[in-house]
Structures are given as C-alpha cells and as structure tokens.
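K.L.:
Numbering (my numbering), first residue to last: 2 to 115.
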C-alpha cells in the first residue's frame, strides 16, 4: 500500500466519520437542519418551520438517514481503498442507489403528509 492509498483512505474515513456525526445530530434534532426543503424555503416558510418544531421532524429524520447512507458510502469506499476488495466497491455503489431511492421516496411521503 503506497502513501497515496493511505492518505486517500484516511480522507474518506474522516468524511465517513463526519457524515455519521452529522447524522447523529440530525436524528437528535439538534443543530442546523441540512435539508433541501429548508434550504429552498422562503423566509416566511422557514419562520413557520422554526416556530413549529413538529413540522421539521420528518425533515430531520430524512437528513439523518441521508447522512447515514453517505457515511456508509464513504466508509465502504475507504475500506475498498485499503484492502482493494471489489465487492466493497459494489457495496459502496449499492449504498448510493439506496440513498437516492430513499431520498425520493421519503420526499414524496413528506409531501403527502402535508
């Protein structure tokens, strides 16, 4: 294993840890809401969401799962870099597909609940 592999593996591992930390805080409904529904909301909508924490709950959960999947993607890719097992790369891409499908399905469900 050369230096480039070690450094890139450590970078992906650090990204995975960061994504898991953000995921933890999103599940606990603490900190900034990292969700596109909140990003793109108008000032009035954000104010309503901030006043009514119940309306932000599904968005926090969606963001928590999304960052958890991103953490798994980075983690499996870091392991792939370290050990060069092709099935870890396949697992990483499987998590990408799962994350995209989850994001679409959960967004539709949140909109239907409104």
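Built from N, CA and C at the ideal position, the CB exists for glycine as well.
Which residues in the same chain as residue 21 place their Cβ atom closer than 6 Å to its Cβ, once the five residues preceding and following it in sequence are excluded?
P.N.:
72
K.L.:
Take residue 59 and list the residues in its own chain whose beta-carbon comes closer than 6 Å to its own, dropping the five residues that flank it on each side.
P.N.:
111
K.L.:
Quick check on the DSSP output: the alpha helix (DSSP H) that includes residue 19 runs from which residue to which?
P.N.:
Unbroken alpha helix (DSSP H) run through residue 19: 4–28.
K.L.:
So what's residue 85 in DSSP terms, helix, strand or just coil?
P.N.:
coil
K.L.:
Whole alpha helix (DSSP H) runs in the segment 43–114 with 4 or more residues, listed along the chain?
P.N.:
44–52, 54–84, 87–114
K.L.:
Do residue 67 and residue 104 have their CB atoms nearer than 8 Å?
P.N.:
Contact flag set, yes.
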